[in-house]
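**Student:** Residue numbers (the working numbering): -11 to 136. Virtual Cβ for every residue (Gly too), placed ideally from N, Cα, C. Before I ask anything, here is the structure I am working with.
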Amino acid sequence: SLSEDPGVPVITNRDRYTVHSTDPLCGSCHQSIDGIGFGFEHYDAIGAWRDLDNGVPVDATGSFNDVDLSGVPYDGALEMSQLLAGSESVHRCSVTQWYRYALGRTEALGDTPTLDALATAYWGTGGELPQLLVDLVRTDSFRTRRAE
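This is the structure we're talking about:
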């Protein structure tokens, strides 16, 4: 098939996104999401493994565009997930998301010390989720409410 630019043939899914990233209207978002999305190129639309995309070998290489992994390249979803698992920023984000879910609210400025302690402990355990949940429910933030 052809892209919006009749002179550029689109053969693979990755080609399609390359076209998006060069379009000024689409590029700002695609620069942020394509790098991580390319790691999943070996999976088709229903999640089945593929080595070829429209007869062309799949290119599942990408790189991160944010935080402590910015610019770090990877090849495929497994390598990408291993890098994410070793990221202190990802650990911190996980702690924040679990905190929000457990408390039913977004964090406030006063929650920073608690989040810092939880993130440090979570990083120290190598990302042991059951321990994070135990640590989280033991916090004053979880066990008490502020008076209105």
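Can you check DSSP and say which residues form a bridge with W86?
**Tutor:** The count along the sequence shown starts at 1 and reaches residue 86 at position 98. In DSSP, W86 forms no bridge with anything.
**Student:** Look at the Cβ atom of F26, then the Cβ atom of A90, and state whether they are nearer than 7 Å.
**Tutor:** Here residue 26 refers to the residue found at position 38 of the sequence shown. Here residue 90 refers to the residue found at position 102 of the sequence shown. No, the Cβ-Cβ distance between F26 and A90 is not below 7 Å.
**Student:** Going by beta carbon distance, what residues of the same chain come within less than 6 Å of A65, once the five residues before and after it are set aside?
**Tutor:** Against the sequence shown, residue 65 aligns to sequence position 77. So the list reads G27, F28, once near-sequence residues are dropped.
**Student:** Near Y110, what residues of its chain come up, given a Cβ to Cβ distance below 6 Å and the 5 sequence neighbours on each side ignored?
**Tutor:** By 1-based counting over the sequence shown, the position of residue 110 is 122. Counting only Cβ-Cβ distances below 6 Å, and skipping sequence neighbours, we find H79, V83, L120.
**Student:** Taking only runs of the alpha helix (DSSP H) that begin and end inside the stretch 98 to 131, which ones reach a length of at least 4 residues, in chain order?
**Tutor:** Taking only runs of at least 4 residues, the alpha helix (DSSP H) segments lying wholly in the stretch 98 to 131 are 100 to 112, 117 to 125, 128 to 131.
**Student:** Please report the straight-line C-alpha distance between D56 and P(-3), rounded to a whole angstrom.
**Tutor:** What you label residue 56 is simply residue 68 of the sequence shown in a count that begins at 1. What you label residue -3 is simply residue 9 of the sequence shown in a count that begins at 1. Answer to the nearest angstrom: the Cα atoms are 36 Å apart.
**Student:** Using a 10 Å radius around the Cβ and a threshold of 16 neighbouring Cβ atoms, would you call A96 buried or exposed?
**Tutor:** Here residue 96 refers to the residue found at position 108 of the sequence shown. That one is exposed.
**Student:** Mark I21 as exposed unless 16 or more other C-beta atoms lie within 10 angstroms of its C-beta, in which case mark it buried.
**Tutor:** Numbered from its first residue, the sequence shown carries residue 21 at position 33. Answer is exposed; the Cβ neighbour count stays below 16.
**Student:** Rounded to whole angstroms, what's the CA-CA distance from A73 to L117? Just pull it up for me.
**Tutor:** Here residue 73 is taken as the residue at index 85 of the sequence shown, counted from 1. Here residue 117 is taken as the residue at index 129 of the sequence shown, counted from 1. Each residue's alpha carbon lies about 12 Å from the other.
**Student:** Let me check understanding here. Comparing Cα to Cα, which of C14, T127, L13, M68 lies closest to G98?
**Tutor:** Translated into positions along the sequence shown, residue 98 becomes position 110. When only C-alpha atoms are compared, the closest one is T127.
**Student:** Which residue comes first and which comes last in the alpha helix (DSSP H) that contains Y5?
**Tutor:** In the sequence shown, counting from the first residue as 1, residue 5 sits at position 17. Counting along the chain, the alpha helix (DSSP H) containing Y5 begins and ends at 1 to 10.
**Student:** What is the residue span of the beta strand (DSSP E) that S51 lies within?
**Tutor:** Start at 1 with the first residue of the sequence shown, and residue 51 comes out as number 63. From DSSP, the beta strand (DSSP E) with S51 extends over 49 to 51.
**Student:** Of the residues L71, D54, D63, T132, which one's Cα is nearest the Cα of G92?
**Tutor:** One-based indexing of the sequence shown puts residue 92 at position 104. Per the Cα distances, T132.
**Student:** Please report how far the alpha carbon of W86 lies from the alpha carbon of S77, in whole angstroms.
**Tutor:** As a position in the sequence shown, residue 86 is number 98, starting the count at 1. As a position in the sequence shown, residue 77 is number 89, starting the count at 1. If you take the alpha carbons of W86 and S77, they lie about 14 Å apart.
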